[in-house]
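Report on the structure given below.
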Amino acid sequence: MCVVDTDCPAADKAARKGEWGKFVASASGEGGDCGLLVLVNSERPGPLRRAHEARALGYVDKDAPPQRLIEAIRRVARKERYVDDALGYGFLQAAKIPLTERELGVLSLAADGASISEIARTLHLSTGTIRNYLAAITRKTGARNRVDAIRISQCEGWV
Numbered sequence: 002m003c004v005v006d007t008d009c010p011a012a013d014k015a016a017r018k019g020e021w022g023k024f025v026a027s028a029s030g031e032g033g034d035c036g037l038l039v040l041v042n043s044e045r046p047g048p049l050r051r052a053h054e055a056r057a058l059g060y061v062d063k064d065a066p067p068q069r070l071i072e073a074i075r076r077v078a079r080k081e082r083y084v085d086d087a088l089g090y091g092f093l094q095a096a097k098i099p100l101t102e103r104e105l106g107v108l109s110l111a112a113d114g115a116s117i118s119e120i121a122r123t124l125h126l127s128t129g130t131i132r133n134y135l136a137a138i139t140r141k142t143g144a145r146n147r148v149d150a151i152r153i154s155q156c157e158g159w160v
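All you need for my numbering is the position in the sequence shown, starting with 1, plus 1.
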C-alpha cells in the first residue's frame, strides 16, 4: 500500500510539473500493484482529480477523524475502494475542471511567478509550446489573460 498526502512537497512539485501520475507510479513500486490511498483537502478539487487519474483506490479527507483513515487503510489493503463521504462534493467539482494535467502543471508554475522560459525549462518544452498551453488555458477558463486564468483557477481550487 502507498499512502500519499497530496500536499507533501514531493507530490506538490510533481503536480506542478504535470507529472503526478509518474510520481505516484514511482511511489507505489515497480509493479504498481500496491493500492494507492490519498489524503486530500476536500476544498481543492485539483489534487482530487489528479489522484483519481492516478487510479487511487482510497480517498480520505485530511480533516477526517482517525477512524476513517484506519478504515480506508484496511479496505485499500484488501484492494477495495474507499471514498470518504466528505469528498463527494469535491469529486463533483473535480469532474468540472476543464484543464488537462499538463495544463494544470503549466498554470501552477505560472501562478508561482515563473516566466514562460522558466516554465519551458522546468517542463523540458519549448517556449512556443508553453505559450500554446497558456493560450488554451486562457480560452478554457474563459479568462481575459494569464493573470485572470490564475485567479480563476485559484478561486476554484484547481491550483
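Each residue gets a CB set at the ideal place from its N, CA and C atoms; glycine is no exception.
Here the structure is a predicted model, which is why all the values come from computation and not from measurement.
*What does DSSP give as the partner residues of Cys9 in its beta bridges?*
Counting from one through the sequence shown, the residue named residue 9 turns up at place 8. DSSP output for Cys9 lists no bridge partner at all.
*8 angstroms Cβ shell around Thr128 - same chain, five flanking residues per side excluded*: For the purposes of this step, residue 128 is taken as residue 127 along the sequence shown, with counting starting at 1. So the qualifying residues of the chain are Ile117, Ser118, Ala121.
*Hey, how far is the Cα of Ala78 from the Cα of Ala87?*
Sequence index remark: in the sequence shown, residue 78 carries index 77 (1-based). Sequence index remark: in the sequence shown, residue 87 carries index 86 (1-based). Using only the alpha carbons, I get a separation of about 21 angstroms.
*asked:* Just to confirm before moving on: does the CB-CB distance between Arg45 and Gly59 stay below 8 angstroms?
replied: Residue mapping note: residue 45 aligns to position 44 of the sequence shown, counting from 1. Residue mapping note: residue 59 aligns to position 58 of the sequence shown, counting from 1. Contact flag unset, no.
*Determine the burial state of Tyr134: buried for a count of at least 16 other Cβ atoms within 10 Å of its Cβ, exposed for fewer.*
Sequence index remark: in the sequence shown, residue 134 carries index 133 (1-based). The residue is buried, with at least 16 neighbouring Cβ atoms inside 10 Å.
*To the nearest angstrom, how far is it from the Cα of Leu105 to the Cα of Gln68?*
For the purposes of this step, residue 105 is taken as residue 104 along the sequence shown, with counting starting at 1. For the purposes of this step, residue 68 is taken as residue 67 along the sequence shown, with counting starting at 1. If you take the alpha carbons of Leu105 and Gln68, they lie about 33 angstroms apart.
_Let me make sure I understand the geometry here. Which of Asp6, Thr123, Leu49 has the alpha-carbon closest to that of Gln94?_
For the purposes of this step, residue 94 is identified with residue 93 of the sequence shown, where counting begins at 1. For Gln94, the nearest C-alpha among the options comes from Leu49.
*Would DSSP call Gly59 helix, strand or coil?*
In the sequence shown, the residue the question calls residue 59 occupies position 58. Strand.
_Ala52 and Thr101 - do their beta-carbons sit closer together than 8 angstroms?_
Looking up residue 101 in the sequence shown gives position 100. Looking up residue 52 in the sequence shown gives position 51. Their beta carbons are not under 8 angstroms apart, which means Thr101 does not touch Ala52 by this criterion.
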